[in-house]
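Taking full-length UniProt numbering, the leading residue of the sequence shown gets 1, the next gets one more, and so forth. Yeah, the Cβ is synthetic: ideal placement off N, Cα and C, and Gly gets one too. Given the structure is predicted, the values throughout are model-derived calculations rather than measurements.
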Amino acid sequence: MSEYLPGLIWLVVLLAANAFFVGAEFAVISARRSQIEPRAAEGSRAAKTTLWAMEHATLMLATSQLGITVCSLVILNVSEPAIHHLLEYPLGWTGLTPAAVTGIAFAVALLLVTFLHVVFGEMIPKNLAFSVPDRAALILAPPLVFISRVVRPIIWSLNAIANGALRLFRVEPKDEAQSAYTIDEVATIVEESQREGTLVDDSGTLTAAFEFTEKTVADVEVPLAEIVLLPARPTPRDVQRAVSANGFSRYVIEDAEGTPRAYLHLKDVLDLTGPDELDAPIPAERLRELPVVAGAAELEDGLAQIRAEGAHVARVIGADGAATGVLFLEDIVEELIGEVQDAASA
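Shown next as structure tokens:
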């Protein structure tokens, strides 16, 4: 039996190698960039290598397929004969003819090797890669990249032939795995899920989110005619009157020409209650600057600009640079989740 032991050892080694190539292939395809990129930004070498593998997906797939093919061929040529001959011993005691023993031993060995190859070399690693794609990619992609660099000349030749064949059928090859969805694709998925009853959007939040991406700043801005404007040099008493009349917490301040130039929050003047302070102009350093946003800009960009400058209100300008209205953070949020109390419009 000792002469057949190497064949059995090779069977285990080749099954493990085949499982590695299968798992690495599916992991690179299934992994999400959004989960790998933060790790790469933190300095993880494995994550950086995994991203490189995802960006060169066809090279990784070619390497995996080459490895799987080689392992499969070697398993049949090395392991099957060892199992075949091992089975001949007990089958010889059955009294069957030598031809029958050889035929049965070959069939059983072929079935056993095929079963082990499919289950342990293919299905288990594939399912593991699908179950934990990001973790599997971080573990399996780096050695796969190393192997691809070792056999790069062979892979390059095979890949070039495959890409050439695709171009003959007017199919443009892709080198990077597509692991993200466009907004239209997500909207279609949500629509289908609602139709099938697997997703309920009673609040309308999902629908609002898709519509949000199609709107511009001009669609949400409050026109100047509807804004409660404080005078160019407002006093705390002016703020008191505005709060009593309107109940808002933020107020836009106009300049001498009636154009929004700044804004303030009620809390900015709560401490100005002295007899000499109530009717004195609010100190300039307490006024908050108004970011400027183009009315034609996408609402997403307007939101990003307001957040970047730490503001809650922005002045909206038209193509000629003149102010057309004001954009409030509350109004942007309302586009996503519904009505929010406390704006600064009439």
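Of all the options Cys71, Gly43, Gln35, which has the alpha carbon lying nearest to the alpha carbon of tryptophan 10? Here residue 10 refers to the residue found at position 10 of the sequence shown. Checking every option, the nearest Cα to that of tryptophan 10 belongs to Cys71.
Any C-beta of chain D under 8 angstroms from that of leucine 230: The chain inventory of the structure shown lacks chain D, comprising one protein chain alone.
Does the distance from the C-beta atom of glutamate 42 to that of valine 220 stay below 8 angstroms? Within the sequence shown, the letter at position 42 stands for residue 42. Within the sequence shown, the letter at position 220 stands for residue 220. Taking 8 angstroms as the Cβ cut-off, glutamate 42 and valine 220 do not qualify as a contacting pair.
Opposing strand residues paired with threonine 216 [DSSP bridges]: In the sequence shown, counting from the first residue as 1, residue 216 sits at position 216. Glu298.
Inter-residue spacing [alpha-carbon to alpha-carbon] between alanine 31 and glutamate 330: Along the sequence shown, one-based indexing puts residue 31 at 31. Along the sequence shown, one-based indexing puts residue 330 at 330. Each residue's alpha carbon lies about 37 angstroms from the other.
Would you decide whether proline 260 is buried or exposed? Buried here means 16 or more other CB atoms lie within 10 Å of its CB. For the purposes of this step, residue 260 is identified with residue 260 of the sequence shown, where counting begins at 1. When all chains shown are included, proline 260 counts as buried.
Spatial distance of alanine 343 from aspartate 320 (CA atoms): Looking up residue 343 in the sequence shown gives position 343. Looking up residue 320 in the sequence shown gives position 320. Only weak support is given to the placement of alanine 343: the predicted model assigns it a pLDDT of 47, under 50, and the value that follows is read from those uncertain coordinates. About 27 angstroms.
Roughly how many angstroms separate the alpha carbons of valine 243 and arginine 39, rounded to a whole number? In the sequence shown, residue 243 corresponds to position 243, counting from 1. In the sequence shown, residue 39 corresponds to position 39, counting from 1. Looking at the two C-alpha atoms, the distance is approximately 49 angstroms.
Looking only at its own chain, which residues have a Cβ that is under 7 angstroms from the Cβ of glycine 81, when we skip the five neighbours before and after it? Along the sequence shown, read from residue 1 onward, the residue named residue 81 stands at position 81. Note on identity: in this sequence residue 81 is proline, with glycine being the wrong assignment. Same-chain partners within the cutoff: Gly7.
Quick one: complete alpha helix (DSSP H) runs, 4+ long, within the stretch 16 to 43? 33 to 41
I need the straight-line Cα distance from leucine 264 to aspartate 301, nearest angstrom please. By 1-based counting over the sequence shown, the position of residue 264 is 264. By 1-based counting over the sequence shown, the position of residue 301 is 301. Cα to Cα, the separation comes out at about 23 angstroms.
Once you ignore the five residues that flank alanine 177 on each side, which residues in its own chain have a CB closer than 7 angstroms to its CB? Position 177 of the sequence shown holds residue 177. Because alanine 177 carries a pLDDT of 49, less than 50, the predicted location of this residue cannot be relied on, and no value is offered for it.
Is the beta carbon of glycine 295 sitting closer than 8 angstroms to the one on alanine 218? As a position in the sequence shown, residue 295 is number 295, starting the count at 1. As a position in the sequence shown, residue 218 is number 218, starting the count at 1. Yes. Within cutoff.
When the Cα atoms are used, what is the spatial distance from isoleucine 154 to valine 108? Translated into positions along the sequence shown, residue 154 becomes position 154. Translated into positions along the sequence shown, residue 108 becomes position 108. Distance between the alpha carbons of isoleucine 154 and valine 108: 35 angstroms.
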